[in-house]
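Only one structure is covered here, and it is reproduced in the block below.
2 protein chains.
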Amino acid sequence: MSIAKRRLSPEESRGMALAAARDLLIETGPQSVTLKAVAGRIGRTHANLLHHFGSASGLQKALAAYLSDEVCGMIAQAIQKSRTGEGSVRDIVDLTFDAFDKQGGAALWSWMMLTGNEDALDPIVDAIHALVDDIGEAGHDDREKHDDTLALVLMALGDALIGDRLSGSLGLPRDSARDMAERQLADALERWKCEHES
Amino acid sequence: MSIAKRRLSPEESRGMALAAARDLLIETGPQSVTLKAVAGRIGRTHANLLHHFGSASGLQKALAAYLSDEVCGMIAQAIQKSRTGEGSVRDIVDLTFDAFDKQGGAALWSWMMLTGNEDALDPIVDAIHALVDDIGEAGHDDREKHDDTLALVLMALGDALIGDRLSGSLGLPRDSARDMAERQLADALERWKCEHES
DNA sequence: AGGGCTGCTTACATAAATGTCAATAGCGAA
DNA sequence: TTCGCTATTGACATTTATGTAAGCAGCCCT
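Residue numbers (this note's numbering), protein chains in the order written: chain A, 1 to 198; chain B, 1 to 198.
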């Protein structure tokens, strides 16, 4: 067997590196997303990542865009299900919470806040904006819609960061935050509906 | 005038260093809380901080305890006001949100999550627990009480992290998250009251 | 006033992250 | 098969954060 290294296309290399960086970010936090650590995960050297991404901050920006795409994809799913009417309120809540938790949205957002790289978050904000504009029936008060969406997103982010710890301490089941969010969103939808009929 | 440095007591030095570290944490994030940066703020050297705190992680632990005390103090205020009945619902919401935002609770929590130093958060979690046990009238369902408190804290943390950015994007006033939380908490208190009477 | 305790500093050492550059070596194309 | 392009690497250099050790210098105490 050859000890020689397979030569990957730039797209392959970047894709593998970003996936590894994403896993590192979710598993052990932003601190551990270094050139050396990411390179080690894909059997390359840190100089290789510099070749493909130009700089460490280049890798960070690419990772932010990559994660934004994933999170936006999940939100787009929520929009689709909501439109066709096959999605339950709980589905929307779960998708939103998962986007921040399992998909690494919370870790990304925290990281960007820490590094002062807030511009990288624009795509996610835009996607959330689109979700708000499309969800539920049209024609009711935008202000209320935005308020309820804001509450949902804030709870999803908070839950991803400290939900595990806090709910455990309060003796609540792990998904009680999702239950709360589901209840509040259901109330909001009902409220919107009534206003629309009246 | 003498260029000689005034000699501070260990308590003074530690106090000044922790205040400087807290400001740095809130202003520019956990990354910038380094021995050199903190020392520079109080006109000392990084070796001085090592002398007083033993190590960088010693400073981190001390800062976590320091901020925990501040946050717990604010929560204790909320408990007092709630007990004597002079505190409005909005006061409780504002105190909670400020504890995470202006007091640096959110920055601290994010930092601890990133550095895997979650034990330092125990005091805050305990204080929140105490707040929950004391707030409102006694005798009603603990589960619901805990649920509503969880929602309040999660929204406060989320708002401190991304509230500014998200509410701006959605065209909402900056304090709309607090308005939402106030509404939800008022509903919850009303609900608890009714259950207690029935 | 003088001596000891210790806050404080300077100088040096170390480790990790980032970045540069020349050289090597796959892989497709002629 | 050979050639050229470029992905890849190893060996540097630099910066920053952390840590160590020895000496200087306030301040209290006698």
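No residue lacks a Cβ here, since even glycine has one placed at the ideal position from N, Cα and C.
Predicted, not measured: the structure shown is a model, and the values here were computed from it.
- Contact of M155(A) with chain B is assigned, a C-beta pair being separated by under 8 Å.
- When the alpha-carbon of D94(A) is set against those of V38(A), I79(A), A107(A) and T84(A), the nearest one is in I79(A).
- The Cβ-Cβ distance between H129(A) and S82(B) does not fall below 8 Å.
- Using beta-carbon distances, I92(B) does not count as an interface residue toward chain A, since no partner is under 8 Å.
- Identification of residues in the segment 98–111 of chain A having a C-beta nearer than 7 Å to some C-beta of chain B yields W109 and S110, given in sequence order.
- Scanning chain A for C-beta atoms nearer than 8 Å to the C-beta of Q184(B) yields A151 and Q184, reported in chain order.
- At a cut-off of 8 Å between C-beta atoms, M180(A) counts as an interface residue with respect to chain B.
- Between G171(A) and chain B, the shortest Cβ-Cβ separation is below 8 Å.
- Annotation for A177(B): M155, D159, G163 and S167 place their beta carbon closer than 7 Å to its own, counting only its chain and skipping 5 residues before and after.
- Judged by DSSP in its simplified three-state form, K36(B) adopts helix.
- Burial state of S88(B) is exposed, judged by a 10 Å Cβ sphere holding fewer than 16 other Cβ atoms.
- Apart from sequence neighbours up to five positions away, no residue of its chain approaches E86(A) with a beta-carbon distance below 6 Å.
- T115(B) belongs to the set of residues whose beta carbon lies under 8 Å from a beta carbon in chain A.
- In summary, the residues of the segment 4–37 of chain A whose CB is separated from some CB of chain B by less than 8 Å are T28, G29, P30 and Q31, in the order they occur in the chain.
- Looking at N48(B), L121(B), Q60(B) and L189(B), the one whose alpha-carbon comes closest to that of S9(B) is N48(B).
- Contact between the segment 143–153 of chain A and the segment 179–195 of chain A is present: 3 or more CB-CB pairs across the two stretches fall below 8 Å.
- Counting C-beta atoms within 10 angstroms of its own C-beta, R174(B) has fewer than 16 neighbours from the protein chains shown and is therefore classed as exposed.
- Identification of chain B residues near A177(A) by a Cβ-Cβ cut-off of 9 Å yields D147, L150, A151 and L154, ordered along the chain.
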